[in-house]
Amino acid sequence: MKIVIAGGSGFIGNKLSNLFISEGHEVSILTRKEKSTAKDVSYVKWLNNGATPEKELENIDVFINLAGVSINDGRWSEKHQKQIYDSRMEATDELLRIISKLPKKPAVFINASAIGIYPVSLDNEYTEASIYTPNDFLGRTVDDWEKKAKLVGQYGTRTVFMRFGVVLGDDGGALPLMVLPYKLFAGGTVGSGKQWVSWIHVADVVRAIAFAVKNNNLNGPVNITSPNPVNMRDFGKTIGVVLSRPHWFPAPSLLMKVALGQKSKLVLEGQKVLPKVLLKEGFEFSFPTLEKALKDLLG
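Below you can see the structure in the form of structure tokens.
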């Protein structure tokens, strides 16, 4: 297959590109910067004045959109929130424009999304069939993002919204910061400890995206989370067990709010999200439990 990835050089995109290349697919990565085409991957400029990526993309089978300013970087100031929102809208608009210019439309469009679309809750359990109303910055951002990406359906392209949970990796994502206090023998419960962490190993994220590309039954929202979410207290305790470090210094909610501002919601609040669609379609997780995932990443 010929596969185009926007955001293909990032934390998830780099691993995804390597997987597709190993399977013998042709991969093109959309980039703002000038890069020389390598042996296994081609780079195509986009989102620059005068860039016409559609002229370099022919007979593409799959478009994957992972582009957007990271929600993990920087404090959630009004300016940063605007960057998070605008970067997702801009990238998706440009992908829609590119696809509109192609004589042959892609069979599949995979758009990154997030479980932040579901309202935070200690009691609710969310699946792809849940009824909800996005009620905060992240929820409304994801909702608008999915609505825009859905427009690609006008071309008869199967569209999947990959709602990522907390992605765990040893070279990016949230885990390195979560682990640091334990390495300094200062780890402990964050906030109340009751908030849900719907996590997933980055290797399973990459495999799930590839699964969605090949599985024609997948359409619309797909939760990309482990089947075994845990609360924050148990998450911290498991880090302590895996690293053989104590779990005793609590991080009060007020301290986290002062340190992180509105972004503190990412660690102080959460939602229990289950990957019902993936399980129904027979996807097998390599790392279904947190302990197994952390042993692999921190071992």
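Take 294 as the starting number for the sequence shown in the working numbering and just add one per residue.
The beta-carbon is built from N, C-alpha and C at its ideal position, and this holds for glycine as well.
Fair warning: this is a prediction, and the values are worked out from it, not measured in the lab.
Pick helix, strand or coil for residue 438, following the three-state DSSP scheme. Note: residue 438 maps to helix in three-state DSSP.
Out of 424, 430, 323, which one is the CA nearest neighbour of residue 378? Answer by Cα proximity: 430.
Between which two residues does the alpha helix (DSSP H) carrying residue 475 extend? It spans 468-476 - the alpha helix (DSSP H) in which residue 475 sits, taken as one unbroken run.
Closer than 8 Å is the cut-off here; do at least three beta carbon pairs connect the segment 527-542 with the segment 384-396? For the pair of segments examined, the segment 527-542 was found not to touch the segment 384-396: the number of CB pairs separated by less than 8 Å stays below three.
Compare the Cα-Cα distances from residue 455 to each of 421, 446, 445, 340 and report the closest residue. The residue from 421, 446, 445, 340 with its alpha-carbon nearest to that of residue 455 is 421.
When DSSP labels each residue in this structure, what does residue 493 get in the three-state scheme? The answer is strand: DSSP assigns residue 493 an E or B state.
Those runs of the beta strand (DSSP E) which lie wholly inside the segment 320-402 and span at least 3 residues: For the segment 320-402, the full-length beta strand (DSSP E) segments reaching 3 residues or more read 334-338, 355-358 along the chain.
Residue 461 - partner residues in DSSP beta bridges: Partner(s): 466, 494.
Is residue 566 closer than 8 Å to residue 485 when the C-beta atoms are compared? A distance of 8 Å or more separates the beta carbons of residue 485 and residue 566.
Backbone secondary structure at residue 535 - three-state DSSP: In this structure, residue 535 counts as helix in the three-state DSSP scheme.
For residue 310, which three-state DSSP category applies? Residue state, collapsed to three classes: helix.
The beta strand (DSSP E) spanning residue 515 covers which residue range? Where residue 515 is concerned, the enclosing beta strand (DSSP E) stretches over 513-517.
Look at residue 410 and residue 432 and say whether their C-beta atoms are less than 8 Å apart. Going by C-beta atoms, residue 410 is nearer than 8 Å to residue 432.
Can you give the Cα-Cα distance for residue 358 and residue 426, rounded to whole angstroms? Their backbone Cα atoms lie some 24 Å apart in a straight line.
Rounding to the nearest angstrom, what Cα-Cα distance links residue 406 and residue 564 in this structure? One C-alpha to the other measures close to 15 Å.
Closest to residue 497 by C-alpha separation, out of 529, 475, 323, 572, would be which residue? With distances taken between Cα atoms, residue 497 lies closest to 572.
Counted within 10 angstroms of its Cβ, other Cβ atoms place residue 242 as buried (16 or more) or exposed: Any property of residue 242 remains undetermined from this structure, which presents the chain solely from 294 to 592.
Please look up how many angstroms separate the CB atoms of residue 543 and residue 481, rounded, as I've assumed it's under 8 Å. Contact holds; Cβ gap of about 5 Å.
Tell me which residue opens and which closes the alpha helix (DSSP H) that residue 297 is part of. For residue 297, there is no enclosing alpha helix (DSSP H); the enclosing beta strand (DSSP E) covers residues 295-299.
Please report the distance separating the alpha-carbon of residue 489 from that of residue 383. Near 31 Å, if we compare the C-alpha coordinates of residue 383 and residue 489.
Just to confirm my understanding: we take residue 308, look at its own chain, exclude 5 residues before and 5 after, and list those with CB closer than 7 Å. What are they? Correct list, in chain order: 495, 499.
From the DSSP output, in three-state form, read off residue 542 for me. Of the three classes helix, strand and coil, the one that applies to residue 542 here is coil, per DSSP.
Just to confirm before moving on: does the CB-CB distance between residue 466 and residue 304 stay below 8 Å? In contact: residue 466 and residue 304 (Cβ atoms closer than 8 Å).
Is the CB-CB distance between residue 310 and residue 334 below 8 Å? Yes, the pair counts as a contact, with Cβ atoms nearer than the cut-off.
Would DSSP call residue 448 helix, strand or coil? Note: residue 448 maps to helix in three-state DSSP.
Give me, in chain order, the residues of the same chain whose beta-carbon lies closer than 7 Å to that of residue 349; leave out the 5 immediate sequence neighbours on both sides. Closer than 7 Å at Cβ, skipping near neighbours: 337.
Is the segment 520-528 touching the segment 572-590, taking contact as three or more C-beta pairs under 8 Å? Touching, yes, given that three or more Cβ pairs across the two stretches are closer than 8 Å.
On the three-state DSSP scale, how would you describe residue 406? In this structure, residue 406 counts as strand in the three-state DSSP scheme.
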